[in-house]
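Each residue of the sequence shown is one higher than the one before, starting from 1 at the first, in the numbering used here.
Ideal Cβ placement from N, Cα and C applies to all residues, glycine included.
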Amino acid sequence: MDADARVKKLAELRDELMHERGVAAMGGAPPNPGKIRALRKNIARILTIQREEEGPVRAPPARAASAEPAGKEDL
1 MDADARVKKL
11 AELRDELMHE
21 RGVAAMGGAP
31 PNPGKIRALR
41 KNIARILTIQ
51 REEEGPVRAP
61 PARAASAEPA
71 GKEDL
């Protein structure tokens, strides 16, 4: 699946999730109770693939450790 197809599928899944959440909020019984969870997982899968294609994530530079832990003051 290329990037354009993933973007379209992501928009479609988000619209469907919004619809399913609306049905649940109105008090209606969904025909498939596991559908919301499945939609959320599919959205997460697509977002994961997109982030993997962006390249490696660099960690922020480490902060210098202080000699004394924070919040430990002498009285």
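Return the Cβ separation of residue i and residue j in integer angstroms, given the expectation that the two are a contact with Cβ distance under 8 Å.
| i | j | result |
| --- | --- | --- |
| E20 | L39 | 7 Å |
| I46 | L10 | 5 Å |
| I43 | R6 | Not quite, the Cβ-Cβ distance comes to about 11 Å (not below 8 Å), so this is no contact. |
Closer than 6 Å by C-beta to residue i: which residues in its own chain qualify, once you throw out the five before and the five after it? Chain order, please.
| i | result |
| --- | --- |
| P31 | none |
Determine the DSSP secondary structure at residue i, reduced to helix, strand or coil.
| i | result |
| --- | --- |
| G22 | helix |
| D2 | coil |
Near residue i, which residues of its chain fall below 7 Å by C-beta distance, leaving aside the five closest residues on each side in sequence?
| i | result |
| --- | --- |
| R14 | I43 |
| E16 | L39 |
Can you list, in chain order, the stretches of the alpha helix (DSSP H) that have 4 or more residues and sit fully within the segment 26-70?
List check, alpha helix (DSSP H) in window: 35-54.
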